[in-house]
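Residues 266 to 506 (this note's numbering) are what the sequence shown spells out, left to right. Data block below; observations after.
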Amino acid sequence: MGVRKNRRDGILITFEGVEGSGKTTQLRRLATLLRQDGYRVVETREPGGTSVAERIREILLSAPGKPTMTEPMTAACEAHLILAARSQHVTHVIEPALRAGSIVLCDRFSDSTFAYQGYGRGLDLGMLQDMNRLATGGLEPDLTLLFEIPVATGLARRRKFAMEQNRLDREAHEFHEKVRRGFLALASGAPKRIKKIDGLPHPETVAVEVASAVRAFLTKARTQRLKTVMHAARARPGRSR
Ligand code: ATM
């Protein structure tokens, strides 16, 4: 597949990292900055982003013991739910926004599935990639920012600031370590797309790094697109003069 990837003008930037890495705060700040720069920006998140996908999120994240969740969820069920939500999200929110030329900032996307359900839960990565392709139609992020932070620091931040711990927050420390190692392995496998950002400094400092990384990326993307358009115009017969 991967057909959809070329049929759009917008840009998809995804925000990834372990819990408490600060990615959501940075996404909001970047959205404000890019709007000030004159870009049309869509902020969204996974699992979620549409009414159906948000309902699936409630099932996925509710803590054991709550009325909606009285039985342990299997890893396969978790993966299917996440990818079902992604299919809705890509079709009804992300793709239309990209076709309209927006910059889409998405809080978690496919790399979270590979890190959490693959490296964390131990599901086969090749199988997850196939399932993910079915959900996304081959859509991949143009740029991914991976917010890097030690697991213990992230979980402590969550405990300090989060209103409520979700089902995945309550997983053992070792699970989150596997997820973190998974993210780092994904970043080594795709160094051009995945940019690691140190999530430890003050949010203001992190925001400066994010802004400079994204502005550099957008400048490069604009130059490349211009070249492609000019190349296509030159290659079109009868248009040489
Ligand atoms: P946020 O806390 O970043 O909104 O993410 C919700 C949870 O969804 C997060 N877990 N915790 N704790 C990670 C989980 N998740 C997956 O396990 N796989 C996925 O593909 C996605 C998008 C999220």
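From the three backbone atoms N, C-alpha and C, an ideal C-beta is built for every residue, glycine too.
Among the residues of its own chain, which have a CB less than 6 angstroms from the CB of residue i, if the five just before and after it don't count?
i, result
"R294", "A472"
"L326", "N431, R432"
"R445", "V283, V416"
"E308", "A296, L370"
"K288", "F280, G282, F412"
"G391", "none"
"R506", "The predicted model places R506 with a pLDDT of 39, which falls under 50 and marks its position as unreliable; any figure quoted below should be read in that light. Taken in chain order, the list of residues that qualify is empty."
My guess is that residue i and residue j are in contact by the Cβ rule of under 8 angstroms, so how many angstroms apart are they, rounded?
i, j, result
"A478", "K460", "5 angstroms"
"P312", "R322", "4 angstroms"
"G447", "A341", "That pair is no contact at about 18 angstroms."
"T378", "L399", "Contact flag wrong, Cβ pair sits at about 12 angstroms."
Going straight from the alpha carbon of residue i to that of residue j, what length do you get?
i, j, result
"Q430", "H438", "14 angstroms"
"V358", "T401", "12 angstroms"
"V355", "I414", "28 angstroms"
"R386", "G314", "24 angstroms"
"P466", "G403", "35 angstroms"
"D395", "G419", "30 angstroms"
"A344", "A481", "34 angstroms"
"A498", "T339", "53 angstroms"
"K443", "R458", "21 angstroms"
"A365", "R310", "19 angstroms"
"I278", "P456", "15 angstroms"
"L346", "G464", "29 angstroms"
"D302", "T470", "19 angstroms"
"V494", "F440", "46 angstroms"
"E436", "D372", "20 angstroms"
"A500", "S316", "44 angstroms"
"K492", "R320", "43 angstroms"
"L348", "E360", "16 angstroms"
Take residue i and list the residues in its own chain whose beta-carbon comes closer than 8 angstroms to its own, dropping the five residues that flank it on each side.
i, result
"D389", "G383"
"T290", "P468"
"R423", "E284, G285, Q430, D434"
Determine, for residue i, whether the minimum Cβ-Cβ distance to residues of chain C falls below 9 angstroms.
i, result
"L299", "Absent here is chain C; the protein component of the structure consists of one chain."
Closest by CA to residue i, which one among the options?
i, options, result
"A450", "D376, K425, A481", "D376"
"N397", "L408, I414, F374, F412", "F374"
"A362", "A498, V306, S453, V475", "V306"
"T335", "A341, E319, H345, I324", "I324"
"D274", "R490, H441, A452, Q301", "R490"
"D407", "I347, K492, L483", "L483"
Which residues does DSSP list as the beta-bridge partners of residue i?
i, result
"K461", "L411"
"C371", "T279, T309"
Grab me the residues of residue i's own chain with a C-beta within less than 7 angstroms of its C-beta, minus the 5 sequence neighbours each way, in chain order.
i, result
"V475", "Q291, L295, L410, I462"
"A318", "P312, A350, Q353, H354"
"K270", "Note that K270 has pLDDT 49, beneath the 50 cutoff, so the model's placement of it is unreliable and no number is given."
"S367", "G275, R305, V306, V307"
"L298", "A476"
"R300", "V306"
"A452", "L411, I459, K461"
"F426", "none"
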